[in-house]
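The structure under discussion appears below in the form of structure tokens.
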Amino acid sequence: MVEVKGDTNIESRIQKVFGVAWFTEVVPVELELQRMSEVATKLVLDSDCKERKTFGVSARRAQKSFPYNSMQIASIIGEHIVKNTGYRVDLTNPCVRVYVDIVNGMALLYTQKKKGPGGLPVGVSGRVVHLFSGGIDSPVAAWLLMKRGCEPIYLHFYALPSAELVLQSKVGKIIKVLSSYSPSTVKLVLVPFADYELLTSKQRTHEPVMFRLFMRVVAEEVAKKFYALGISTGDNLGQVASQTLPNIA
């Protein structure tokens with residue numbers, strides 16, 4: 001349980017934390033059944049179930065020293081709610097369900113579970129150099145990498161006159177969006193490829209494949225510098241000529 005005061009954006013922030021399966025706002029209550037029943041009753045009355053007045057109680061006793069088991073806790077609290085609200089019990093499809101978790105010397109009561117992004121915390125799987133083009137494929141691949149616990153090192157090759165212009169382009173904007181899912185400072189490596197084009201201006205045979213090779217060589221050096229464990233290309237098979245299986249291979 002994390003106590004948060006005065007943060008109105010906490011829900012939207014938690015929904016961007018990979019590794020969180022679900023979260024909710026809870027009411028902490030002392031381990032006394034009468035008090036727990038009173039709080040549970042208030043939660044039911046405060047719900048949006050004025051027409052279909054049905055409820056259920058789901059108790060979980062992680063702290064086994066508490067003298068009542070989960071079934072007894074749910075039964076006692078449910079009986080109190082029925083007597084004081086007029087709501088009827090529906091364990092299959094209730095309008096409101098009260099959850100009671102007995103843990104760490106207290107009871108945590110809540111009525112909903114909000115879905116988180118799931119996956120693994122960013123960074124637990126290691127760093128990966130991620131080739132970032134600015135199209136739709138590479139941002140989606142980056143998001144999926146982070147969901148599986150990877151920390152992307154973004155590598156972008158640009159033809160614009162300066163790196164500042166790259167940051168002002170859609171590339172910078174997309175990186176900013178992706179950074180909201182990362183707990184650490186995002187690393188973006190920008191590489192101009194004007195010199196590469198000058199060197200290969202007379203060699204147009206297999207140009208897409210040669211440029212991919214150039215990017216791979218640079219990516220390997222970046223991976224060594226940042227101690228990355230792998231390289232991600234973010235390819236979408238068959239979308240463009242350079243993303244056919246022969247060219248990717």
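Numbering (UniProt numbering) for the sequence shown: 1 to 249.
For glycine and all other residues, C-beta sits at the position ideal for the given N, C-alpha and C.
Note: GLU151 is bridge-paired with ARG127 in the DSSP secondary-structure output.
The Cβ-Cβ distance between LEU237 and GLY126 does not fall below 8 Å. Uninterrupted beta strand (DSSP E) stretches at least 3 residues long and entirely within the segment 25-59 occur at 27-29, given in chain order. With at least 16 other beta carbons inside 10 angstroms of its own, ASP137 counts as buried. Residue range 10-14 is occupied by the alpha helix (DSSP H) that includes SER12.
With a cutoff of 8 Å on beta-carbon distance, THR54 and ARG13 are scored as not near each other.
Proximity of the segment 18-27 to the segment 55-68 falls short of the contact definition, fewer than three beta-carbon pairs being nearer than 8 Å. The closest CA to that of PHE23, considering only GLU32, TYR99, ILE81, LEU43, is found on TYR99.
Membership of ILE231 in the beta strand (DSSP E) is indicated by the continuous run 230-232. Beta-bridge analysis with DSSP links ASP101 to ARG60, LEU108. With 16 or more other Cβ atoms inside 10 Å of its own Cβ, GLU151 counts as buried. Per DSSP, LEU178 has no beta-bridge partner at all. Annotation for LEU198: the continuous alpha helix (DSSP H) segment containing it runs 194-199.
LYS114 and SER47 have their C-alpha atoms roughly 16 Å apart. The C-alpha of ILE77 lies about 17 Å from the C-alpha of CYS95.
If you draw a straight line from the Cα of ALA219 to the Cα of ILE231, it is about 7 Å long. Rounded to the nearest angstrom, the Cβ distance from LEU145 to HIS130 is 6 Å, consistent with a contact under 8 Å.
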